[in-house]
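If you use numbering that gives the first Met the number 0, the sequence shown closes out at 243, no skipped numbers anywhere.
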Amino acid sequence: MSGAVLGTAFGAMQIIYAAYRDVKSNRENCATLVHRAEIVVGELKSLVVRQMQDEEVIAEKIENLLSAFETTAQVIRQIGHKNWLRALLDADRDAIQVEHCHQCLTDLMFLFNIEQNFDQWNLQRENELARKRDHHNLLRVTHSVQSELATQGEIIGEVLEMVRTLSQSPTFNAPARGASQDSRVNCTYHSVVLLLTAVANAPRDNSEPLRLLHWQSHSPVHRKPNPAQGPIRARHAVQNISSI
């Protein structure tokens, strides 16, 4: 009987581990749930091994453990597999779900008469700190994305200005032997595509993209752009350039 009870408890714990394995958001909150579930299983194992409770009584209550652990695993999957923006928007709702799971796990400990060897106030404080750490991480990602968008916007703006300057230069507008105005415009348009593709694929360091663009704009040999990478932002910028 004891083997069946513990086997059921360990199997339920594996469900939680599987849900937590690929967590990418709300990691701190999910980790506290896993830790609480481990405490329940560990204490339940002690009760069975030391025969502190009747095994039949424990077996009758094991369905409650399965239900609570399945709920916990479901919540971990829901709050732990979101992109950064969705996690930020759902932060308050996710905190409520986490608190509900903690209450379910606490109820389990009372159900099995497991001694509560922890301070309830400290547990609540730990949960709140975990929530704040998750929220801080989300804000840091948000700031990073905003900085990246601002940087790319500035670089593309400089590319547009570079092309305008080129199109207005006397060298560009002067007649070229064997080349029509349309062919020169098409050549410039193709160069712009190359420049903007370079922007999209450039490192995040602010100086490197501009250095790369300067080299591309003065090099007689251009590399073919990579169509797989690119640049919705570059495509939009090219549409703006077509009016130059």
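No residue lacks a Cβ here, since even glycine has one placed at the ideal position from N, Cα and C. From a predicted model like this one, the values you see are computed outputs, not experimental measurements.
Asked                                                                                                          : Found
Same chain, Cβ closer than 7 Å to Asn82, neighbours up to 5 away in sequence not counted                       : none
Residue closest to Gln73, alpha-carbon to alpha-carbon, out of Leu5, Gln96 and Leu84                           : Gln96
Leu107 classed as buried or exposed, judged by whether at least 16 other C-beta atoms fall within 10 angstroms : buried
Cβ pair Val39, Gly79 closer than 8 Å                                                                           : no
Met12 (DSSP reduced to helix, strand or coil)                                                                  : helix
Alpha-carbon to alpha-carbon, Cys100 and Trp120                                                                : Low confidence applies here, because Trp120 scores a pLDDT of 46, under 50, leaving its location unreliable and the question unanswered by this model.
Buried versus exposed, by CB contacts within 10 Å (16 or more), Phe68                                          : buried
With 16 other Cβ atoms within 10 Å as the buried cut-off, status of Leu104                                     : buried
Inter-residue spacing [alpha-carbon to alpha-carbon] between Ala31 and Ile15                                   : According to the sequence displayed, residue 31 carries Thr and not Ala. Distance between the alpha carbons of Thr31 and Ile15 is about 12 Å.
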